[in-house]
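Here the protein sequences come in this chain order: H and R.
Note that the first sequence covers residues 1 to 827 in this note's numbering.
Note that the second sequence covers residues 828 to 1177 in this note's numbering.
Contents: one structure, followed by commentary.
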Amino acid sequence: MGSMFRSEEVVLVQLFLPTAAAYACVSQLGELGLVEFRDLNESVSAFQRRFTVDIRRCEELEKTFTFLEEQVRRAGLALPPPEGRLPAPPPRDLLRIQEETERLAQELRDVQGNHQALRTQLHQLQLHSAVLQQNHGPPPAAAHTDGPSSERTPLLPPRQGPHQDLRVNFVAGAVEPRKAAALERLLWRACRGFLIASFREADRQLEDPLTGEPVTWMTFLISYWGEQIGQKIRKITDCFHCHIFPFLEEEAARHGTLQQLQQQSQELQEVLRETEGFLSQVLGQVQQLLPRGLVQVHKMKAVYLALNQCSVSSTHKCLVAEAWCATQDLPALQQALRESSSEAGVSAVAHRISSRDMPPTLIRTNRFTASFQSIVDAYGVGCYQEVNPAPYTIITFPFLFAVMFGDVGHGLLMFLFALAMVLAENRPAVRTAQNEIWQTFFGGRYLLLLMGLFSIYTGFIYNECFSRATTIFPSGWSVAAMANQSGWSDAFLSHHPLLTLDPNVTGVFLGPYPFGIDPVWSLATNHLSFLNSFKMKMSVILGVTHMAFGVLLGVFNHVHFRQGHRLLLETMPELIFLLGLFGYLVFLVIYKWLCVTVTHAASAPSILIHFINMFLFSSSPTNQPLYSGQEVVQHALVVLALAMVPVLLLGTPLYLLHRWQRSRHSPRPAVGQQARCVDSSDACEKGWSSDEEKARCPGGEEEFVASEVLMHQAIHTIEFCLGCISNTASYLRLWALSLAHAQLSEVLWAMVMRVGLRMCGEVGVVSVVLVLVFAAFAVMTVAILLVMEGLSAFLHALRLHWVEFQNKFYAGTGYKLSPFTFAIQDE
Amino acid sequence: MLESAELYFNVDHGYLEGLVRGCKASLLTQQDYINLVQCETLEDLKIHLQTTDYGNFLANQTNPLTVSKIDTEMRKKLCGEFDYFRNHSLEPLSTFFTYMTCSYMIDNVILLMNGALQKKSVKEILAKCHPLGRFTEMEAVNIAETTSDLFNAVLVETPLAPFFQDCMSENTLDELNIELLRNKLYKSYLEAFYKFCKNHGDVTAEIMCPILEFEADRRAFIITLNSFGTELSKEDRETLYPTCGKLHPEGLRLLAQVEDFDQMKRVADHYGVYKPLFEAVGGNGGKTLEDVFYEHEVQMNVLAFNRQFHYGVFYAYVKLKEQEMRNVVWIAECISQRHRTKINSYIPIL
């Protein structure tokens, strides 16, 4: 948990990798995932870097792998996941892998080519026989050869027309079905009247040799007159990629061809089967080789990409890399470097260097804290060593959620759901589920667990379980005492459906309920106004406490970054402003709860009026003071709070200006700063701590820009002061949402479940109907109250954390340490 | 169309407009060009293109890499994007898209007819055809002997059919006639497209009309330039000019009488838009008239993205992408032919 409080110490290390061992070192670092490499060659374009040739070779290999993968996939085979840990292969192995893959790919290509050719041939044969089998009616007999101009023939000398001696020719073939209509139209338009075309669907579907999809081809038979037309037809059929087959005119000859074709295709299928057997053999080899090779080459490429970020030392004997590494991991890094460079004889070394850049943020999480950290990171990754709000979020987030979601029953359902996920988290089926919604829920299972747990707690406080009150303890109110005291007669009772319990009457109010809201309120008609008053005050109290806590967390930042002035000039005025105004409001609420009793109920002072009067410096005679000397205290608080505004506005800028002027006049601090820059460990903590610090940062010749600092501070001041008011009001969403949730579940109970329970009639019928009613109730409870309401309460809790809480102290402008690791390739 | 296109434009075309703007953002930047120009070999070029939005579009190409492979793959990519737009478009945007493909279809038809005339195989020419202008009947073009044949048999069902009205003739298709046919088709295509945009009104008209006017005038200038020293008569020349440009009618009449480049320049001087363009010709770096026109076109297309709720962005995107492809091909050619002196004369897309 210590590491959760702020991000770990991260230092810039310089790695000297002997050329011979560089590859082994980086590959080992990739396995460990300790360091994040910095690009030292930013100005060099991608293709001018040192290892581009090797990367290109890896890419070539990847291309071949992609081809093999595609083939395996098309054959309908699955690739087994690679077994065990596969380290990146040494560079000399690349050649072997490349040769092996190339050979395999070539073999596969050859076999595939053969296979494809055979299939195409078979397809052709099948098409041919389909065309021949197709009975396109009797070929036009010679008597019909007058053909196209039959209407006109009577005008011409009969049987001596120019077409008389022309032979009828045939073109038979098959065309893809989607093109058939266009082909038919084009034929008609181009050679109108000189042909008769008949189109038929083939009897059975044929597999397309390329895609393997079944297609029902259209066969056609065109009979035409004249050679010119024949050429035209051939051109047209060519352009539609038709298959044209010789068409014999005699029935018997066609029959003979058909038989011949069938025999051929049988032989061909025999050959095809053998080819397929061989193909599956080759594919089996690929299946063995591919998963290993893929991981290895991916790792190899990653190593070369990392090596490309290194610069070459002046002696060309070693590569120089710069990397961010957590201080804690430095021994492991040294160890890894020593081990992997032992072969080369020259040892690789790593040593810290100083840097003026802000180091990346590293916060190690476990499976419990991960989801809470991700809530914070979604807002912004914290700056280096900034206070991390995540540990506090673990409690405050589920709590604020539960305030809005308070219901024992709903909380319990949520808790059980999360518990089931937590218990099943090690099962591989649950872990690897690809559903995005499921992954979201699963990732936040511990968050859901706590949210459910806290909802049960607040549910008990609100005394609501599926909107019904529970009577665990005896109620603190006694109706009997009231009835005895005021002597309600039967007639009185029958005329007055509503009765008032007066706590001033002795024996009626016995004392507060031990835990939460008294169940008697759920019967009362003024239930809502009672709860409203309670929840509203509770929201303000929670809000002010939460915000004050946020401001206090800022103290840790200032102390850590050694900015004592901000402690005095920012945190203190902020705290006084917040607590002086809104903290006082909280005090008033609690004071009234404790000190104003029911006996003075009629003349109880109004906090609202008091609070308004406090700002107006006035008093209203009808409103009794809460305690003596109240006005003096209030005036003092308002004046104090308003006095803090100029302090907050001008304090830091004036202080910085003063310090800068002093440092300019005396040379002493400059020397000190220079020294600090050299001393690496100290400089790491300084220098980037904040904008203002940067403005006067050592070494740099940056000028102190007073206007900029002032502007920045002015914005901060305005935001904080206005924010105090609006943020406090914003916490009232706790009230609103919990009210909405309670009312919605109440409505659901009254409109669905109660209707079912009130039914009367035969037991059998009623019980069946009740099952249906309960089913509706259950579905709506889950869909509306748990999922929808839960989502909205979640979003509001998220907002309260991001906007109201974190803006008091959290900058969130850092970036994560993303170490060079093979984790992706290993998966 | 009503004035309030803003209200409901997004209902039908909002998705596609968003998409095309995203695509536009993926055009190569000035920095990319600077890096591309530094490449030593086509492999380097490929590596650099991989870092852009082209991604590994060349990954499945077998070695050795050639310029034509790069060109084909780039065209394929553009074509894929365009088909996506087209398949998801609603009327009247889909008609707009059809108009956009028509110019490529005309080019393809003419290419095929020229090929048939020179007895080249259809396959060889098909490879050269622009994929945006592909249609089923295209390959049957070579069965036609005359233009009316061509129209009646092959093209009557294609979107090109309406443009044939003015150019029906029984002349045999020789080289000159084909060239005339191309220009006439283009003329009626441009006029129809212009009319379509004008009738559509709204921002689309405001953006597209100037672009098409420029396109028409550019064609007029180029036709004039190419007709110097040919047997084309001045009357015939005038019939080829598209009449939807700014030059219409006086400029075109003057242009028909022009006999050399200087006279043409004098005609252009009457127009504020074209005067600076002609003055830039031959200036720094020896720009040709074509380059200058391209630059102006790029400028207009880039500006089209400044307005919202119109179809012009689609046209502009395709044109910009085409220009980018021309640039990459130019650079690739310069690299592969080791002719680096002129490598910088690509048309920058701002």
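Backbone N, C-alpha and C fix where the C-beta goes; we use that ideal spot for every residue, glycine too.
Please read these numbers as outputs of a predicted model, since none were measured by experiment.
Exercise. Within 7 Å (strictly less), CB to CB, does D871 (chain R) reach chain H?
Worked result: yes
Exercise. Looking at the C-beta of C239 (chain H), does it have a partner C-beta in chain R at a distance below 7 Å?
Worked result: yes
Exercise. Going along chain R in order, which residues have a C-beta closer than 7 Å to the C-beta of I236 (chain H)?
Worked result: A967 and I970
For this session: With distances taken Cα to Cα, identify the nearest neighbour of I817 (chain H) among H:L447, H:G33, H:Q14 and H:V215.
Result: It is Leu, not Ile, that sits at residue 817 (chain H) in the sequence shown. The shortest C-alpha separation from L817 (chain H) is found at H:G33.
Problem set entry | Segments of 4+ residues assigned as alpha helix (DSSP H) that fall wholly inside the segment 598-628 of chain H | 607-616
Exercise. What is the rounded straight-line gap between the Cα of R50 (chain H) and the Cα of T1168 (chain R)?
Worked result: 27 Å
Exercise. For C777 (chain R), which of helix, strand or coil comes out of DSSP?
Worked result: Beyond the ends of chain R as shown, which are 828 and 1177, falls residue 777 (chain R); an answer cannot be given.
For this session: Output the boundary residues of the beta strand (DSSP E) element that contains T219 (chain H).
Result: M218 to W225
For this session: Just the chain R side, please: which residues come within less than 7 Å of K232 (chain H) by C-beta, in chain order?
Result: I970
Exercise. Residues in its own chain within less than 8 Å of A780 (chain H) by CB, not counting five upstream and five downstream?
Worked result: Just to set this straight, residue 780 (chain H) is Met in the shown sequence, not Ala. Counting only Cβ-Cβ distances below 8 Å, and skipping sequence neighbours, we find L748 and V752.
Exercise. In the structure shown, what three-state DSSP assignment does F37 (chain H) receive?
Worked result: strand
For this session: Taking T963 (chain R) as the query, report the chain H residues whose CB atoms sit under 8 Å from its CB, ordered along the chain.
Result: K179, A182 and F240
For this session: Classify K317 (chain H) as buried or exposed, calling it buried when 16 or more other Cβ atoms lie within 10 Å of its own Cβ.
Result: exposed
Problem set entry | Backbone secondary structure at V312 (chain H) - three-state DSSP | strand
Exercise. Which runs of the alpha helix (DSSP H) spanning at least 4 residues fall entirely within the segment 744-797 of chain H, listed in chain order?
Worked result: 754-757 and 763-780
For this session: Could you please give me the residues that DSSP links to V349 (chain H) through a beta bridge?
Result: H:F16
Problem set entry | Cβ neighbours of F617 (chain H) in the same chain (closer than 8 Å, five flanking residues each side left out) | H635 and V638
Exercise. Where V346 (chain H) and I1176 (chain R) are concerned, what is the direct C-alpha to C-alpha distance, given to the nearest angstrom?
Worked result: 52 Å
Exercise. In chain order, what residues of the same chain lie with their CB nearer than 7 Å to the CB of L786 (chain H), ignoring the 5 residues before and after it?
Worked result: H410, L413 and M414
For this session: Assuming Y23 (chain H) contacts L307 (chain H) (C-beta within less than 8 Å), just tell me the rounded distance between them.
Result: 7 Å
Exercise. Okay, do the segment 1025-1033 of chain R and the segment 1131-1140 of chain R touch, 3+ Cβ pairs below 8 Å being the bar?
Worked result: yes
For this session: Would you kindly check if the distance between the Cβ of V10 (chain H) and the Cβ of P359 (chain H) is under 7 Å?
Result: yes
For this session: Spell out whether any CB of chain A is found under 7 Å from the CB atom of F51 (chain H).
Result: Here the protein chains are H and R, and chain A is not one of them.
For this session: Express the C-alpha separation of T470 (chain H) and V540 (chain H) in angstroms, rounding to a whole number.
Result: 27 Å
For this session: Answer yes or no: does any C-beta atom of chain H fall closer than 7 Å to that of I897 (chain R)?
Result: no
Exercise. Rounded to the nearest angstrom, how far is the Cβ of E574 (chain H) from that of V551 (chain H), given a contact under 8 Å?
Worked result: 5 Å
Problem set entry | Counted within 10 angstroms of its Cβ, other Cβ atoms place H658 (chain H) as buried (16 or more) or exposed | exposed
For this session: Could you tell me whether the segment 503-523 of chain H touches the segment 475-482 of chain H, using the rule of 3 or more Cβ pairs below 8 Å?
Result: yes
Exercise. Can you list, in chain order, the residues of its chain whose CB lies under 6 Å from that of E1122 (chain R), leaving out five sequence neighbours each side?
Worked result: I1174
For this session: Give a yes or no on whether the minimum CB-CB distance between A1186 (chain R) and chain H is below 7 Å.
Result: In the structure as shown, chain R begins at 828 and stops at 1177. Residue 1186 (chain R) is therefore absent and cannot be evaluated.
For this session: Evaluate P158 (chain H) with the Cβ neighbour count: other Cβ atoms within 10 Å of its Cβ, from every protein chain shown; 16 or more gives buried, anything less gives exposed.
Result: Residue placement at P158 (chain H) is poorly supported in this model, since its pLDDT is 44, which falls under 50; the coordinates still yield a value, given next. Exposed, because fewer than 16 other Cβ atoms sit within 10 Å of the Cβ of P158 (chain H).
Exercise. Would A980 (chain R) count as contacting chain H if we go by Cβ distances under 7 Å?
Worked result: yes
Exercise. Hey, is A1019 (chain R)'s beta-carbon within less than 7 Å of any beta-carbon in chain H?
Worked result: no
For this session: Indicate whether S738 (chain H) and M404 (chain H) have their beta-carbon atoms separated by less than 7 Å.
Result: yes
Problem set entry | Proximity winner among H:V72, H:C724, H:G814 and H:G543, relative to I281 (chain H) (alpha-carbon distances) | The question names Ile, but residue 281 (chain H) is Gln in the sequence shown. Minimum Cα distance to Q281 (chain H) is reached at H:V72.
Exercise. What's the gap between the Cα of L843 (chain R) and the Cα of R913 (chain R)?
Worked result: 9 Å
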